[in-house]
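Note sheet for the following structure.
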Amino acid sequence: MRTKNTILFSLISTFFLIFLISIWKILATLQGLSINSFNIEIIFIFGLLISLAHLGIGDKIKSIYKSIIFSAIFVFCDGYLIQKLPIWYNVGVFLILYFFTNKISKYTFIGLKEEHSTQVILFDFLTLFGILFFSFVILFPFYMMLVTSFKTQIALLVNPLDFSINFGQDIKDLFKSYFVIFKSYKFGKYIVISTIVSVGTVIITLLFAIPAAYAVARLNFFGKTFLSTSILIIYMFPAIVLVIPLYTIFSQLGLRNSIEGLLIVYTATTLPVAIYMLQGYFKSIPKELEEAAILDKLSWFGIITKIIIPLSIPAISSVALYVFMIAWNEFLFSLMFLDNPNSFTLSRAIQYLSGDAETPRQYLMAGSVVVTLPVLFIFVYFEKYLVSGLTAGSVKG
Amino acid sequence: MNDTLANTEKKTAYILTLPAVLLVFSIILFPIFANIWISFKEVELKDIRIPEPRAKKIVKSISDEPTKIKILYKLRNSSLIQEIRDVSFQDNFPKNFEIENLDPRCSYEKYNLKCEFGNWPAKYRENFQVIFATNDGSNIDKKNLKSIKPKLDGKSDNILLNTNFTLKNFKKVLFENEFIDLLLTTFYYTFFGTVGSIVFGILTAQMVNQKFYGRTFMRSVLLFPYVAPVVALAYTWELLLDPNSGTLNSLLLNYQVIETPINLLGQKYIEISILGFDFKLRLALTTVIMFEIWRYFPLAFLFILARLQAIPKELYEAADVDGASPFQKFFNITLPQITAVISILFMIRFIWNFNKFEDVFLLTGGASGTRTLPINVYQQGFAISDIGMGSAVSIVIVVLLLIFMFFYFKLLGKRVDEN
Chain D
3 MRTKNTILFS LISTFFLIFL ISIWKILATL QGLSINSFNI EIIFIFGLLI
53 SLAHLGIGDK IKSIYKSIIF SAIFVFCDGY LIQKLPIWYN VGVFLILYFF
103 TNKISKYTFI GLKEEHSTQV ILFDFLTLFG ILFFSFVILF PFYMMLVTSF
153 KTQIALLVNP LDFSINFGQD IKDLFKSYFV IFKSYKFGKY IVISTIVSVG
203 TVIITLLFAI PAAYAVARLN FFGKTFLSTS ILIIYMFPAI VLVIPLYTIF
253 SQLGLRNSIE GLLIVYTATT LPVAIYMLQG YFKSIPKELE EAAILDKLSW
303 FGIITKIIIP LSIPAISSVA LYVFMIAWNE FLFSLMFLDN PNSFTLSRAI
353 QYLSGDAETP RQYLMAGSVV VTLPVLFIFV YFEKYLVSGL TAGSVKG
Chain Z
35 MNDTLANTEK KTAYILTLPA VLLVFSIILF PIFANIWISF KEVELKDIRI
85 PEPRAKKIVK SISDEPTKIK ILYKLRNSSL IQEIRDVSFQ DNFPKNFEIE
135 NLDPRCSYEK YNLKCEFGNW PAKYRENFQV IFATNDGSNI DKKNLKSIKP
185 KLDGKSDNIL LNTNFTLKNF KKVLFENEFI DLLLTTFYYT FFGTVGSIVF
235 GILTAQMVNQ KFYGRTFMRS VLLFPYVAPV VALAYTWELL LDPNSGTLNS
285 LLLNYQVIET PINLLGQKYI EISILGFDFK LRLALTTVIM FEIWRYFPLA
335 FLFILARLQA IPKELYEAAD VDGASPFQKF FNITLPQITA VISILFMIRF
385 IWNFNKFEDV FLLTGGASGT RTLPINVYQQ GFAISDIGMG SAVSIVIVVL
435 LLIFMFFYFK LLGKRVDEN
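Protein sequences appear in the order of chains D and Z.
For this note's numbering, add 2 to where a residue sits in the first sequence, where the first one is 1.
For this note's numbering, add 34 to where a residue sits in the second sequence, where the first one is 1.
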């Protein structure tokens, strides 16, 4: 049992080490270092030796010294003798090794005797592996988007792997792509249009949704259950089914290429989920407050503006942020309804930009950064509100 | 008394809900019926523009005669296929203008030129000219004259409103449109995209549900692909996967994993041999599915994480006492607790993936074997300009979805009964 566990432990930890070093190597390659091989065999042998040595030494040396010694040996052998790479790369390897040896220091010979210890080890390492893997897979495209926008077309074609940014250059050269898209491609205007459309959608949606949600949550009327069930069913209706009839109707009414047209469609498509989210919250507000207000002869308008809205600011902001993000990110309708560059939203403008094969990719990426940053900023800043909104309004694809 | 109270309550409720209901009705429900209507018609993109009579006003001064002016109207029918009936024309002039040559079709009263042009066939064009002179001998301000716009009016048939119906579109969709291929592609895309995102959602939720440093940060990072605009992400992926100078191919070449670049988004099939068996993998479709999973697993993650955090801790403590292993705990406690969420997620994601348009459109445009039904709606309606066909395809989508939902709920109902 112990032998089996020991072997499994060293194998799992070794694979984890290989993974760590490989990611570091990829990142280093992207800074322009020429590394042509992962040297998996060497790292495998080292990893196996380190984990076995760690078990063998046990508590005889303080774990911090142990970690430093192992890391130093590894860096000396791999980085200095075999690969001969710059110092910052080796510092990184040292830190990875230090992290790794720290991670394995909680496993001891005695611990490996316990029941299920292989599964526990596997779970631990899988979690660690998962955290790193998903962070890498998710953040890498965003990183690439940002970095590419600071490069030049020629540099990217000469060495597509060199993502290092020269911060020494003039600030005008560094942000050249951004200057170009704002100057030659009118991105300033598109930001304004996108903002007007998104904020407008939020305001109109709330204006329509708050009274409706209040009625659904509080009042008794014929057709109420039908209304509240149909809200979500309507929301599941695919946008692609609406596109052709809306296109024909809007063409005939002259609403294409207009901000009003987009506002109408965005409001209608976000209304059901806004009502659904709001009525859930309104139901949780104690009824006594309204009963007191009715005795004071407040009208429904007074009840909504003086009692309901002040009490549900969190829910309303969550709906507002959620609707803003949907409207800001929307692409299908802006593709169908806008074909005049004077009325483009940001998403549509980027798509238009990419339609020209001559457009340098750094402009495309600069545009992508411009459209992504506000959303990510809002998301990170208001995450608490938004997560509840996302869970409630998750039917949106 | 009670009755009137209930009545006022009802009235208030209707007033409060009416605006929202009307808007949703006119923009979502009405178009669905309009879609059915259009799908039974032969309509092309050019047919839906209502023909308009148009006039371009050109003001020309006559040399040596500053008190006279020549005005040329370039009249035309905007439509290339439809006639306009009973075209009427109106234009206003300053109060000192007298007309010199009056066309028989026109009358000039109170400085207002009115004409009845009769019927204009399709593509109709005419240069219509009038000459004016001022009656008090003053010079003419050309700019002012140009700023007054003529008004035109006319009647024409709206092809959408007549009652000629045909089954041609549906016949074409089902028999001439490589329908089976379309259906299979859509199904692969939907099914694997859904399953993949749920599997990754379970893995990540399980991961974040444990305690580690930077957990809240990890939770926001995991949601990034879901909240960022699809346009930006699709073009970033396209760059990343580009066969000539994309990062992924360059990396793989650099580390000698592959010898020639792979066109992940532009190649329909790739031959793979595993254990001596050769089979063809639909490469571009797989890549698009990967993007789909990458972008939508955060939603599954969010749902499943919320459910995981609601599982009572006592269950795990009891399992620990019984000496259960981590895998046993996962399969016997966690998994049964999240099946309900998973079945809801499966339905939601399946429906939405089935209708997904933007992702595939931006990545491949439907080329190299990634043409799904929603892409076909766009291609038929706007690339081939056959609005009727596009409508018919979207009706097929709705019908397929309804069938799916019917069976899904039936199956789900059965399982609930068994439990």
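Each residue gets a CB set at the ideal place from its N, CA and C atoms; glycine is no exception.
Every unbroken stretch of the alpha helix (DSSP H) spanning 4 or more residues and falling wholly within the segment 176-224 of chain D is given here in chain order: 178-185 and 189-220. For the 8 Å CB-CB criterion, ILE385 (chain Z) and SER231 (chain Z) do not form a contact. Shown here, ALA167 (chain Z) sits in a strand according to DSSP, grouped into three states. Using a Cβ distance threshold of 8 Å, LEU22 (chain D) and PHE102 (chain D) count as a contacting pair. Taking LYS206 (chain Z) as reference, the option from Z:ILE437, Z:LEU445 and Z:ALA426 with the minimal CA-CA separation is Z:ALA426. Below the 8 Å Cβ cutoff, chain Z contributes LEU237, THR238 and MET241 as neighbours of GLY132 (chain D), in chain order. In the same chain as ILE352 (chain D), and ignoring 5 residues on each side of it, the C-beta atoms closer than 8 Å to its own belong to LEU366, GLY369, SER370 and VAL373, in chain order. One alpha carbon belongs to PHE162 (chain Z), the other to GLU134 (chain Z), and they sit about 14 Å apart. Look at LEU147 (chain Z) here: in three-state DSSP terms it is strand.
Inter-segment contact for the segment 387-399 of chain Z and the segment 218-226 of chain Z is present: three or more beta-carbon pairs are separated by less than 8 Å. ALA40, GLU43, LYS44, LYS45, THR46, ALA47, TYR48, ILE49, LEU50 and THR51: these are the residues of the segment 37-51 of chain Z whose beta carbon lies less than 9 Å from some beta carbon of chain D, given in chain order. By the Cβ neighbour-count rule, ILE338 (chain Z) is buried, with 16 or more other Cβ atoms within 10 Å of its own.
The way I'd put it, the segment 324-343 of chain D doesn't touch the segment 237-255 of chain Z; fewer than three beta-carbon pairs between them come closer than 8 Å. Interface criterion not met: the Cβ of ALA359 (chain D) is under 8 Å from no Cβ in chain Z. For the segment 210-227 of chain D, the residues whose beta carbon sits under 8 Å from a beta carbon of chain Z are, in order, PHE210, ALA211, PRO213, ALA214, TYR216, ALA217, VAL218, LEU221, ASN222, PHE223, PHE224 and LYS226. Here the segment 97-112 of chain Z lies against the segment 148-163 of chain Z, with 3 or more beta-carbon pairs under 8 Å apart.
Under the 8 Å Cβ criterion, the segment 193-210 of chain D does not count as touching the segment 62-73 of chain D, having fewer than three qualifying pairs. Bounds of the beta strand (DSSP E) holding GLN124 (chain Z) are 118-126.
Not flagged as an interface residue toward chain Z: SER320 (chain D), since no C-beta distance is shorter than 8 Å. At least one CB of chain Z lies nearer than 8 Å to the CB of GLU385 (chain D). Bounds of the beta strand (DSSP E) holding LYS108 (chain Z) are 102-111. Judged by pairs of C-beta atoms under 8 Å, the segment 263-276 of chain D touches the segment 48-62 of chain Z, as three or more such pairs exist. One finds THR281, SER284, LEU285 and ASN288 in chain Z with Cβ atoms closer than 9 Å to the Cβ of LEU163 (chain D), taken in chain order. Exclusion of the five residues before and after TYR158 (chain Z) leaves ARG110 and ASN111 as the residues of its chain whose Cβ lies within less than 7 Å of its Cβ.
Annotated three-state conformation of PRO247 (chain D) is helix, per DSSP.
Per the coordinates, the alpha-carbon of LEU286 (chain Z) lies some 17 Å from the alpha-carbon of LEU317 (chain Z). With a contact defined as Cβ atoms closer than 8 Å, ARG329 (chain Z) and PRO277 (chain Z) miss out at about 22 Å. By the rule that beta-carbons nearer than 8 Å mark a contact, THR110 (chain D) does not touch chain Z.
For ASP187 (chain Z), the uninterrupted beta strand (DSSP E) run begins and ends at 185-189, by DSSP.
Within chain D, not a single residue places a beta-carbon under 7 Å from that of ALA401 (chain Z); the smallest gap is close to 15 Å. Here the alpha carbons of SER53 (chain D) and LYS108 (chain D) stand approximately 12 Å from one another. Each residue's CA atom was taken as its position, placing ALA215 (chain D) and LEU257 (chain Z) some 28 Å apart.
If only complete runs of 4 or more residues are kept, the segment 324-375 of chain Z shows the alpha helix (DSSP H) at 347-355 and 360-363, in order along the chain.
What ALA157 (chain D) touches in chain Z, judged by beta-carbon distance under 7 Å, is nothing: the nearest beta carbon there is about 11 Å away. Boundaries cannot be given for GLU293 (chain Z), as no beta strand (DSSP E) includes it and DSSP labels it neither H nor E. Beta-bridge analysis with DSSP links PHE131 (chain Z) to Z:THR168.
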